[in-house]
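S.K.:
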Amino acid sequence: MYSYLFKIIVEKGNYRDSVTLMKVSNEVSKLKGVSQAAVLMATPLNKRFITDAGFEGSEVEKAGPDDLIIAIEAASGEVLQSSVSRVEEMLSSRASMEAEEIRPRTLASAVKVMPDANLALISIPGRFAKREAMNALESGLDVFLFSSNVSREDEVELKEAAKARNFLVMGPDCGTSIINGVVLGFGNLVRRGSVGIVSASGTGIQQVSTLLDGEGLGISHAIGTGGNDLFPSHPVRRRARRF
1 MYSYLFKIIV EKGNYRDSVT LMKVSNEVSK LKGVSQAAVL MATPLNKRFI TDAGFEGSEV
61 EKAGPDDLII AIEAASGEVL QSSVSRVEEM LSSRASMEAE EIRPRTLASA VKVMPDANLA
121 LISIPGRFAK REAMNALESG LDVFLFSSNV SREDEVELKE AAKARNFLVM GPDCGTSIIN
181 GVVLGFGNLV RRGSVGIVSA SGTGIQQVST LLDGEGLGIS HAIGTGGNDL FPSHPVRRRA
241 RRF
């Protein structure tokens, strides 16, 4: 029987989006001798998650939301080291691919490159999300806000700004939407059709949309709202009528 060891590494200021980190975590978890692995940003929720999974230490407690946590439990020190190396390799490979692509450095330059764009997908640390989302609204774009840890005050300000401009802000903490057949965030490719979905749950949208697809029904739009409660005059509810 294995006597498992664990290793925790905190990389300060190494922000990565959650889609990339989920892929890395899944890949490393499949390695022989690895019992569990988590590669994620040190948000309060994620820190609670890895602590509950048995990864405890002062480095986790001190980590901030812009810090990257690599937590691995494995059968031996050799497996631990090779697993950490694999994580670093995957993250470096992704960073290299991104560096080779020609990408606008600002929202304003992106709009110039894609003048017909009508929606911005934003996935950055929560404390910067309001600024970029507001810039997107002012540039005439609807917003899919993947970022979490956005304050309620910032969310209200964004929603009111969107309402005044007749735009839509999906999120913050919005994981899934399907707009005109295009999947945003996490989602499944499903047929187009007449059924519309509005949901706070990304996994709920995925489950319902795939079940409908399996029954031969298609999706017109699936609008994710993020995790916070809606009320009757909420801008998302009012804005959803446009689609």
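Under the working numbering, the first residue of the sequence shown carries the number 1, and numbering increases by one thereafter. We put the CB at the ideal spot given by N, CA and C, even for glycine.
1) Could you give the distance in angstroms between the alpha-carbon of I122 and the alpha-carbon of F146?
2) Using CA atoms only, rank isn't needed, just tell me which of A71, A117 and A63 is closest to V24.
3) Please check the pair G126 and V79, which I expect to be a contact at CB under 8 Å, by giving their CB distance rounded to whole angstroms.
4) With respect to the alpha helix (DSSP H) encompassing G214, which residues constitute its N-terminal and C-terminal limits?
5) Closer than 8 Å is the cut-off here; do at least three beta carbon pairs connect the segment 105-115 with the segment 124-142?
6) Check this for me: beta carbons of V190 and I219, under 8 Å apart or not?
7) May I ask you to verify whether the segment 61-77 touches the segment 26-44, counting CB pairs closer than 8 Å and requiring at least 3?
8) What does a CB cutoff of less than 6 Å around L212 pick up in its chain, not counting 5 residues either side in sequence?
9) If G224 and G175 are in contact, beta carbons under 8 Å, what's the gap, nearest whole angstrom?
10) According to DSSP, is E56 helix, strand or coil?
11) Here's a check: name, in chain order, each residue in its chain whose Cβ is nearer than 6 Å to the Cβ of A200, leaving out the five neighbours to either side.
12) Using the C-alpha atoms, what's the distance from I179 back to T188?
13) Run through the segment 56-136 for me and flag every whole beta strand (DSSP E) of 3 or more residues, listed as ranges in chain order.
14) Comparing C-alpha positions only, which one of I205, V87, A75 and L5 sits nearest to R16?
15) Taking C-alpha atoms, which residue in L31, S177 and L45 lies nearest to G64?
16) Which same chain residues end up closer than 7 Å to A74 when comparing Cβ atoms and leaving out the 5 residues on each side of it in sequence?
17) Given a threshold of 16 other Cβ atoms within 10 Å of its Cβ, counted over all protein chains shown, does R165 qualify as buried or as exposed?
M.R.: The answer reads as follows:
1) Approximately 6 Å, taken between the alpha carbons.
2) Among A71, A117 and A63, the Cα nearest to that of V24 is on A71.
3) Their Cβ separation, rounded to whole angstroms, is 34 Å, which puts G126 and V79 out of contact at 8 Å.
4) Residues G202 to G214.
5) Contact holds: three or more Cβ-Cβ distances are below 8 Å.
6) Yes, these two residues count as a Cβ contact at 8 Å.
7) They touch, by the three-pair rule.
8) The residues are V195.
9) Confirmed, Cβ separation roughly 6 Å.
10) When secondary structure is reduced to three states using DSSP, E56 falls in the coil class, being assigned neither helix nor strand.
11) So the qualifying residues of the chain are T225 and G227.
12) According to the sequence provided, residue 188 is Asn. The question's Thr does not apply to it. Between the C-alpha atoms of N188 and I179 there is a straight-line separation of about 12 Å.
13) The qualifying runs are 68-74 and 119-122.
14) Among I205, V87, A75 and L5, the Cα nearest to that of R16 is on V87.
15) If we check each option's Cα against that of G64, L45 comes out closest.
16) So the qualifying residues of the chain are Y4, L5, G33, V34, S35, L80 and S83.
17) Looking at its Cβ environment, which holds fewer than 16 other Cβ atoms inside 10 Å, R165 is exposed.
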